[in-house]
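Written below as structure tokens is the structure these notes are about.
Numbering (the numbering used here), first residue to last: 58 to 309.
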């Protein structure tokens, strides 16, 4: 009996976990095709609602003990109220920790290599834009939606700053988290490449990512097409029924 209780508790805890589990297993929120991890969405909404869109907020670390406490509460399945239990700096650090602890980076390693090669070899902005969009569309849907959400959020933060270097600063902070680059590595060239690529994504996120509105229109069109087919079939059946009735009347 004790063994089964222990197993049940272990299963419930593993189900409740938020950090360090595959992205597709994390609880998401949003419309189909636009799902974003619930934790990420709640943190971003908290930051936006409390005016935490100043660049300096993203360049400092939150209190380590507070961040770890919040992380444990999320992983234990407790409902966390960021309004009462967090501050802006710890919320940003919690977001970064979530990205850092994903088993696979938001942009998987294989695709990272292709994107980095593209960024090194492209000959025109048109070529870069076309191929970058193609590579991003190879991401799993949950990865694509999360990356799009993050890029739009960070791009929005940068647009509110007076400093022209704000995009570069945000890219330098979040680049290692999104690409899972070891910040202790001596290869500064790789760190610089990652920062430049993320800065490119932030600057041109409207071009590189499909808009949710376009996706919604596409979905609506799909449903409209189905409805048209159903209506057509219904009309055909009605006509056939009328013919049967007329034939019966004529025979009488």
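Glycine is no exception: its CB is placed at the ideal position from the N, C-alpha and C atoms. Small disclaimer: the values here were computed from a predicted structure and weren't measured.
If you draw a straight line from the Cα of residue 158 to the Cα of residue 77, it comes to about 5 Å. Out of 102, 257, 140 and 142, the CA that lies nearest to the CA of residue 222 is found in 257. Going by C-alpha positions, residue 238 is about 13 Å away from residue 153.
Residue 99 carries a helical assignment under DSSP once its states are collapsed to helix, strand and coil. Per DSSP, residue 126 is one residue of the alpha helix (DSSP H) stretching across 121 to 132. Nearest to residue 98 by C-alpha distance, out of 106, 107 and 86, is 86. Burial check for residue 169: the Cβ neighbour count within 10 Å reaches 16 or more, so the residue is buried.
Here the C-alpha atom of residue 172 lies approximately 10 Å from the C-alpha atom of residue 185. For residue 200, the uninterrupted alpha helix (DSSP H) segment begins and ends at 198 to 216. With distances taken between CA atoms, residue 106 lies nearest to 148 out of 148, 83, 219 and 128.
Counting along the chain, residue 248 sits inside the alpha helix (DSSP H) bounded by residues 245 to 260.
Within the model, the alpha-carbon separation for residue 182 versus residue 141 is close to 46 Å.
Only buried fits residue 143, as 16 or more other CB atoms lie within 10 angstroms of its CB. With respect to residue 93, residue 203 sits close: the two C-beta atoms are nearer than 7 Å. Under the DSSP definition of a beta bridge, residue 149 lacks any partner. A contact is defined here as three or more CB-CB pairs under 8 Å, and the region 228 to 238 fails this definition with respect to the region 117 to 130. Here residue 252 is buried, its C-beta having at least 16 other C-beta atoms within 10 Å.
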